[in-house]
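This report refers to the structure that appears directly beneath it.
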Amino acid sequence: MIKIAFAGKGGSGKSSISGTFARIVARKDRPVLALDSDPVPGMPFSLGIPVNDSPTPDDVVVEGPANGPRWVLRPGLDAEQFISQHAVIGPDGVRYLQFGNTWGHVSTLQRAQFAWSQVIEEMDPTAWNVVGDLPGGTRQAMFGWAKYANLMAIVVEPTAKSIHVGRRLRNISKANWGPEHVVVIANNERCRTY
Ligand SMILES: Nc1ncnc2c1ncn2[C@@H]1O[C@H](COP(=O)(O)OP(=O)(O)O)[C@@H](O)[C@H]1O
Ligand SMILES: [Mg+2]
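Number 1149 in my numbering belongs to position 59 of the sequence shown; there are no gaps in the numbering.
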């Protein structure tokens, strides 16, 4: 099972490449879960899914136990049920999950964040090839958002800022929670003058 997370600066091509990659894997009759963890989702365009707004609803979680996480999946809803109930089915059979919507303040994403962490930790790793599209920059990647992945693909285009972000992201290869392998994908290399 492939577990890959795409990271890089905004606009470098993460969504285009990750969505295309997900479809290529799915065309080989392999089950693919596409995780769009960017609050500004870009994967639907490359996956060919005609909805760009299907975020994880708030009511999938309830308050957690006193000494446990702040929010937990609603009783009776496990990771596999979450996936089957909330993933949109795209062309080639890709299952697409979209992170939450912000309603003014970033804290409104907290429920979706806990739901996603639990789904990522508890989903059956033997059931899914996982293709993740991380938000632009280093922040979420460094916060351990790609802990499901054993391979991180850093998408870099030939601009100084994109290369700078790529260099920073490279440090994730040294993290003890992180993907075992880190590769760099050079994108847009022929479309620009530099
Ligand atoms: N290899 C490529 N060739 C041509 N256009 C590309 C290529 N990669 C990305 N683009 C275009 O660049 C823009 C940003 O790509 P996108 O995948 O949305 O980046 P990100 O998800 O990293 O923000 C989009 O308009 C996309 O169509
Ligand atoms: Mg994107």
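The beta carbon of each residue, even a glycine, is placed where N, CA and C say it ideally should be.
### Task
Taking 9 Å as the cut-off, decide whether the C-beta atoms of V1178 and P1165 are in contact.
Here residue 1178 is taken as the residue at index 88 of the sequence shown, counted from 1. Here residue 1165 is taken as the residue at index 75 of the sequence shown, counted from 1. For V1178 and P1165, no; Cβs fall outside 9 Å.
message = For ligand 1, I want to know if N1223 counts as a neighbour, meaning its beta carbon is within less than 8 Å of at least one of the ligand's heavy atoms.
response = Residue numbering aside, residue 1223 sits at position 133 when the sequence shown is read from its first letter. In the sequence as displayed, the identity of residue 1223 is Asp instead of Asn. Yes, the beta carbon of D1223 sits closer than 8 Å to at least one heavy atom of ligand 1.
Practice problem: Name the two residues that bound the continuous alpha helix (DSSP H) containing I1094. | Solution: Translated into the one-based positions of the sequence shown, residue 1094 becomes position 4. First-last for I1094: 1093-1098, but that is the beta strand (DSSP E), not the alpha helix (DSSP H).
Just checking my contact of G1222 with A1239 at CB under 8 Å: how many whole Å lie between their CB atoms? As a first step, residue 1222 must be located in the sequence shown, where it is residue number 132. As a first step, residue 1239 must be located in the sequence shown, where it is residue number 149. Confirmed, about 6 Å.
Open item on the list: What does DSSP give as the partner residue(s) for Q1188 in the beta ladder?
Closed with: The sequence position of residue 1188 within the sequence shown is 98, counting from 1. DSSP output for Q1188 lists D1126, P1145 as bridge partner(s).
Check your understanding: Start and end of the alpha helix (DSSP H) containing I1253?
Key -> Residue mapping note: residue 1253 aligns to position 163 of the sequence shown, counting from 1. Segment 1250-1260, the alpha helix (DSSP H) holding I1253.
Problem - For L1163 and Q1208, believed in contact at Cβ under 8 Å, the rounded distance - result: As a working note, residue 1208 is residue 118 in the sequence shown. As a working note, residue 1163 is residue 73 in the sequence shown. Confirmed, Cβ separation roughly 5 Å.
task: Would you list the residues sitting across from I1275 in a DSSP beta bridge?
output: For the purposes of this step, residue 1275 is taken as residue 185 along the sequence shown, with counting starting at 1. Note: I1275 sits in a beta bridge opposite V1245.
*W1267, enclosing alpha helix (DSSP H) - first and last residue*: Indexing the sequence shown from 1 puts residue 1267 at position 177. Where W1267 is concerned, there is no enclosing alpha helix (DSSP H), given that its DSSP letter is neither H nor E.
**Request:** Grab the span of the alpha helix (DSSP H) containing W1206 for me, first residue to last.
**Result:** Residue 1206 sits at position 116 when you count from the first residue of the sequence shown. Here the alpha helix (DSSP H) through W1206 covers 1200-1212.
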